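One structure is given here, and the rest of the page talks about it.
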Amino acid sequence: IEQMPQGYYTVVGERGMRLSGGQRQRLGIARALLVDPDVLIFDEATSSLDYESERSIQLAMRNIFGTRTTIIIAHRLSTVREADKIVVLDQGKIVEVGSHEELLAQKGIYRRLHSLQETGELIA
Numbered sequence: 194i195e196q197m198p199q200g201y202y203t204v205v206g207e208r209g210m211r212l213s214g215g216q217r218q219r220l221g222i223a224r225a226l227l228v229d230p231d232v233l234i235f236d237e238a239t240s241s242l243d244y245e246s247e248r249s250i251q252l253a254m255r256n257i258f259g260t261r262t263t264i265i266i267a268h269r270l271s272t273v274r275e276a277d278k279i280v281v282l283d284q285g286k287i288v289e290v291g292s293h294e295e296l297l298a299q300k301g302i303y304r305r306l307h308s309l310q311e312t313g314e315l316i317a
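Here the sequence shown is numbered in our numbering, starting from 194 and rising by one per residue.
In structure tokens:
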């Protein structure tokens, strides 16, 4: 916000149409945190962010997770890696539940997706 031409007074247009996708996402996250809710739900909250922006938001969000219930819906596994519990859905059904380490050890869908996202190679 402070880097925008008029800082907090910058007109961003209806539904933030003058902002990039990443700027809209960062602003939406900031607004959600200002309300200080007991439960936060992030649905693909970092999907339009570059790696650097995603990483800085993840680091900032770690401080927030410990103080409230947070539900994160994501395709990028790096977004949920630090979660206490990860629920893996396939065709709308829960197929795996556990921490990042537990799910990697299960050698199921999560492990295959993790390998694909980390190395670009799909493992059996």
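The beta carbon of each residue, even a glycine, is placed where N, CA and C say it ideally should be. All values reported here derive from a predicted model rather than from experimental measurement.
First and last residue of the uninterrupted alpha helix (DSSP H) at residue i
i, result
"Thr-263", "Here Thr-263 belongs to no alpha helix (DSSP H); instead the beta strand (DSSP E) covers 262-266."
"Glu-295", "293-299"
Where residue i falls: helix, strand or coil (DSSP)
i, result
"Ile-194", "coil"
"Leu-220", "helix"
"Ile-302", "helix"
"Ile-250", "helix"
"Leu-233", "strand"
"Glu-245", "helix"
"Val-204", "coil"
"Glu-180", "Residue 180 is absent from the model: the chain starts at 194 and stops at 317."
"Val-228", "helix"
Spatial distance of residue i from residue j (CA atoms)
i, j, result
"Leu-220", "Ile-234", "15 angstroms"
"Leu-212", "Ile-194", "11 angstroms"
"Pro-230", "Lys-300", "36 angstroms"
"Leu-296", "Leu-227", "33 angstroms"
"Tyr-303", "Glu-245", "24 angstroms"
"Gly-200", "Arg-224", "15 angstroms"
Cβ pair residue i, residue j closer than 8 angstroms
i, j, result
"Val-273", "Ile-265", "yes"
"Val-288", "Lys-278", "no"
"Leu-252", "Gln-218", "no"
"Leu-270", "Gln-310", "yes"
"Val-232", "Thr-260", "no"
"Arg-255", "Glu-275", "yes"
First and last residue of the uninterrupted beta strand (DSSP E) at residue i
i, result
"Asp-283", "279-283"
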